[in-house]
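J.: In the working numbering, the protein residues as written are 2 to 484. Glycine included, every Cβ here is placed at the ideal spot set by N, Cα and C. Nothing here was measured: the structure is a model prediction, and the numbers come from that model. So that we are looking at the same thing, I have put the structure below in structure tokens.
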RNA sequence: GCCGGGUUCGUCUAGUGGCUAGGACGCAUGGUUCUCAUCCAUGUAACAUGGGUUCGAUUCCCAUACCCGGUACCA
């Protein structure tokens, strides 16, 4: 191995971590780890207006919950920005303003960039005129040849002097050779009038200074890549490898957005999706192994992932398959693990032993952790129900009462309260009395659960214990007789 | 408008110059001593269109269509 591989995830702190952002972070993480490289987290907070307080910390917390730990980046903490140090830090761009200004200055001195004193009003007017003439709106280069070597007044901006007739060609790891003509690229603003760098400058300077070897980011950055390459060339820096990931889409193929469902990873965690299910699902949005393996832990993904085999077309985020992964991973957990993960969805005054029993019975019926809150109710208290559902659809009231009484009688004698024993006892009640399963199992099950659909009667009775189970059967018989 | 990217079952995708184009999710049907769930089995459904190149194209090339992204002192 020649150069040490280094990737980065560089979100803007404008909100919660987006599912698409998670996928980008994941692919960066996987690529770095499988090459024994380093994964860097950098916070791109160069737009003062859009910054959301606390968003950076929330982003970091979510990444950690998902298991995507960074080798380099801000330390997690209450106010991460203040504690932001590190070998290539700081990692909050807002703390690196001097660095960007110095670099921009260097470009100006070298004649690669220039001060522009055009007012926003003039630019707006220019744009409107161009649009009226149906021309592509772009900067007219008014200040380009003035060669101002320092700020002329307070309102200025530094622009990149984009070469006039050049072709920028690069090789995208996912998409192959891509070409852009510089004639179509505007003289990009590098330093804004508030002294902050634009994304383009900050991104290139930091990627170089932090030693990033592979830039893996969303497809929306593809048209910006020639601008970045021009900057690398202006500085005389070597280029990193670029890879542009396909976008994640809504069902209607538009870019995945809030309007059509949840897009924040936190939303899914709150609904009871397991991190490993989310990671596994998201990993498969844009990449797939050649064999038909689908279940991957994070370490397995590190081994199997192949950036070169990443899909080029956008992928629709389909909740159905996520549900399937989630249900699968829930079933894989032991009751103890499950209990730890779904505590927040359970009442807190219930004894742990009982909860573990409930989880054992309900585990295979759970699609997400939050559903346990509803499921647990019938074990704690018999839900109100219509006595009518006690009667199996192929049976009648008399047979149902008989079935329940037989069950009650035979279960009363059962001292070893195990599932197998109970189901054997019920089966015996059926066999000895010339009844059908529906005559006994159904009403007993409804009697102890109060529900039309539920786990098997012996499973519920096992959780409830003998006393409560028999009480519920007795109640059911009384209700039926009263009717 | 201009620039760039993309197009295999409904969805995520595998794959190849010649195959019955494979898997998973979903859906449907059946089985698993009552319902539900699980599990199992079976079924369902795709190479955008038109030209080339070729003995032969889903695969290579070129158009067209459609979709997406970009076109900011936002990232």
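With DSSP as the reference, label residue 215 as helix, strand or coil.
T.: On the first chain, residue 215 is found 214 positions in, with the first residue counted as 1. Correct three-state label for residue 215: strand.
J.: On the CB-based measure, 16 or more other CB atoms within 10 Å of its CB, does residue 403 come out buried or exposed?
T.: For the purposes of this step, residue 403 is taken as the residue at position 402 of the first chain. Flag for residue 403 reads buried.
J.: Quick one: grab the DSSP three-state call for residue 287.
T.: Here residue 287 refers to the residue found at position 286 when the first chain is read from its first residue. It is coil, neither helix nor strand.
J.: Taking the alpha-carbon positions, what's the residue 361 to residue 63 distance?
T.: For this step, residue 361 is matched to residue 360 along the first chain. For this step, residue 63 is matched to residue 62 along the first chain. Those two C-alpha atoms are separated by around 29 Å.
J.: Rounding to the nearest angstrom, what Cα-Cα distance links residue 229 and residue 239 in this structure?
T.: Translated into positions along the first chain, residue 229 becomes position 228. Translated into positions along the first chain, residue 239 becomes position 238. One C-alpha to the other measures close to 12 Å.
J.: Mind checking whether residue 306 and residue 278 have CB atoms under 9 Å apart?
T.: As a working mapping, residue 306 is identified with position 305 in the first chain. As a working mapping, residue 278 is identified with position 277 in the first chain. It is not a contact, given that the beta carbons lie outside the stated cut-off.
J.: Can you list, in chain order, the residues of its chain with a C-beta nearer than 8 Å to that of residue 250? Leave out the 5 residues immediately preceding and following it.
T.: Stepping through the first chain from its first residue, residue 250 is reached at position 249. Contacts found: 256, 257, 315, 316, 317 and 318.
J.: Within 10 Å of its beta-carbon, does residue 111 have 16 or more other beta-carbons around it, so buried, or fewer, so exposed?
T.: Here residue 111 refers to the residue found at position 110 when the first chain is read from its first residue. With fewer than 16 other Cβ atoms within 10 Å, it is exposed.
J.: Along the chain, where does the alpha helix (DSSP H) that runs through residue 53 open and close?
T.: For the purposes of this step, residue 53 is identified with residue 52 of the first chain, where counting begins at 1. Where residue 53 is concerned, there is no enclosing alpha helix (DSSP H), given that its DSSP letter is neither H nor E.
J.: Less than 8 Å between C-beta atoms, sequence neighbours within five positions excluded: which residues of the same chain meet that for residue 2?
T.: Within the first chain, numbered from 1, the residue matching residue 2 stands at position 1. Confidence at residue 2 is low in this model, with a pLDDT of 45, below 50, so the placement of that residue is unreliable and no value is reported for it.
J.: Can you give the Cα-Cα distance for residue 372 and residue 344, rounded to whole angstroms?
T.: Locating residue 372 in the first chain gives position 371, where the first residue counts as 1. Locating residue 344 in the first chain gives position 343, where the first residue counts as 1. Straight-line measurement puts the Cα of residue 344 at about 12 Å from the Cα of residue 372.
J.: Helix, strand or coil for residue 316 per DSSP?
T.: Here the question's residue 316 lines up with position 315 in the first chain. Strand, per DSSP.
J.: Touching or not, the stretch 21-31 and the stretch 211-229, by the rule of three or more beta carbon pairs under 8 Å?
T.: yes
J.: Rounded to whole angstroms, what is the Cα-Cα separation between residue 340 and residue 104?
T.: Within the first chain, numbered from 1, the residue matching residue 340 stands at position 339. Within the first chain, numbered from 1, the residue matching residue 104 stands at position 103. About 54 Å.
J.: Mind checking whether residue 190 and residue 236 have CB atoms under 9 Å apart?
T.: Translated into the one-based positions of the first chain, residue 190 becomes position 189. Translated into the one-based positions of the first chain, residue 236 becomes position 235. Against a cut-off of 9 Å, the Cβ pair of residue 236 and residue 190 comes out as no contact.
J.: What is the residue span of the alpha helix (DSSP H) that residue 245 lies within?
T.: As a first step, residue 245 must be located in the first chain, where it is residue number 244. Going by DSSP, residue 245 is part of no alpha helix (DSSP H) but of the beta strand (DSSP E) stretching over 242-246.
J.: Would you report the Cα separation of residue 42 and residue 207, rounded to the nearest angstrom?
T.: In the first chain, the residue the question calls residue 42 occupies position 41. In the first chain, the residue the question calls residue 207 occupies position 206. Looking at the two C-alpha atoms, the distance is approximately 11 Å.
J.: Please identify the residue among 55, 347 and 232 whose C-alpha is closest to the C-alpha of residue 186.
T.: Your numbering for residue 186 matches position 185 in the first chain. It is 232.
J.: Report yes or no: do the stretch 424-440 and the stretch 395-411 share at least 3 C-beta pairs separated by less than 8 Å?
T.: yes
J.: Helix, strand or coil for residue 14? Go by DSSP, reduced to three states.
T.: Here residue 14 refers to the residue found at position 13 when the first chain is read from its first residue. Three-state result, residue 14: coil.
J.: Residue 391 and residue 401 look like a contact to me (Cβ under 8 Å); what is the Cβ gap, rounded to whole Å?
T.: Stepping through the first chain from its first residue, residue 391 is reached at position 390. Stepping through the first chain from its first residue, residue 401 is reached at position 400. Right, their Cβ atoms sit about 6 Å apart.
J.: Could you tell me which uninterrupted beta strand (DSSP E) segments, each at least 3 residues in length, are contained entirely in the stretch 322-404, listed from first to last along the chain?
T.: none
J.: What are the complete alpha helix (DSSP H) segments, minimum 4 residues, inside the stretch 252-312?
T.: Runs of the alpha helix (DSSP H) inside the stretch 252-312: 266-271, 276-284 and 299-305.
J.: According to DSSP, is residue 168 helix, strand or coil?
T.: In the first chain, residue 168 corresponds to position 167, counting from 1. Of the three classes helix, strand and coil, the one that applies to residue 168 here is strand, per DSSP.
J.: With burial defined as no fewer than 16 other Cβ atoms inside 10 Å of the residue's Cβ, what is the status of residue 88: buried or exposed?
T.: To locate residue 88, count along the first chain from 1; it is residue 87. It is exposed - the Cβ of residue 88 has fewer than 16 other Cβ atoms within 10 Å.
J.: How about the stretch 411-430 and the stretch 446-455: do they share at least three Cβ pairs that are nearer than 8 Å?
T.: no
J.: Below 8 Å, can you find three or more Cβ-Cβ pairs linking the stretch 349-365 to the stretch 460-470?
T.: yes
J.: Mapping the DSSP letters down to three states, classify residue 114 as helix, strand or coil.
T.: Numbered from 1 along the first chain, position 113 holds the residue referred to as residue 114. In this structure, DSSP gives residue 114 an extended state, which the three-state scheme calls strand.
J.: Since residue 188 contacts residue 140 with CB under 8 Å, what's their CB separation in whole angstroms?
T.: Here residue 188 refers to the residue found at position 187 when the first chain is read from its first residue. Here residue 140 refers to the residue found at position 139 when the first chain is read from its first residue. About 5 Å separates the beta carbon of residue 188 from that of residue 140, a gap short enough to meet the 8 Å contact definition.
J.: With 16 as the cutoff for other CB atoms within 10 Å, does residue 296 come out buried or exposed?
T.: Within the first chain, residue 296 is the residue found at index 295, counting from 1. Residue 296 should be labelled exposed.
J.: Quick check: what's the CA-CA separation for residue 440 versus residue 31?
T.: The sequence position of residue 440 within the first chain is 439, counting from 1. The sequence position of residue 31 within the first chain is 30, counting from 1. Near 57 Å, if we compare the C-alpha coordinates of residue 31 and residue 440.
J.: Quick check on DSSP: helix, strand or coil for residue 441?
T.: For the purposes of this step, residue 441 is identified with residue 440 of the first chain, where counting begins at 1. Three-state DSSP puts residue 441 in a helix.
J.: Is it buried or exposed, residue 470, if we count other Cβ atoms within 10 angstroms and call 16 or more buried?
T.: For the purposes of this step, residue 470 is identified with residue 469 of the first chain, where counting begins at 1. Per the 10 Å Cβ criterion, buried.
J.: Would you kindly work out how many angstroms separate the C-alpha atoms of residue 90 and residue 383, rounded to a whole number?
T.: Reading the first chain from its first residue, position 89 is the one you call residue 90. Reading the first chain from its first residue, position 382 is the one you call residue 383. Taking the straight line from one Cα to the other gives about 59 Å.
J.: Could you pull the start and end residues of the beta strand (DSSP E) that residue 161 belongs to?
T.: Locating residue 161 in the first chain gives position 160, counting from the first residue. Note, residue 161: beta strand (DSSP E), 158-161.
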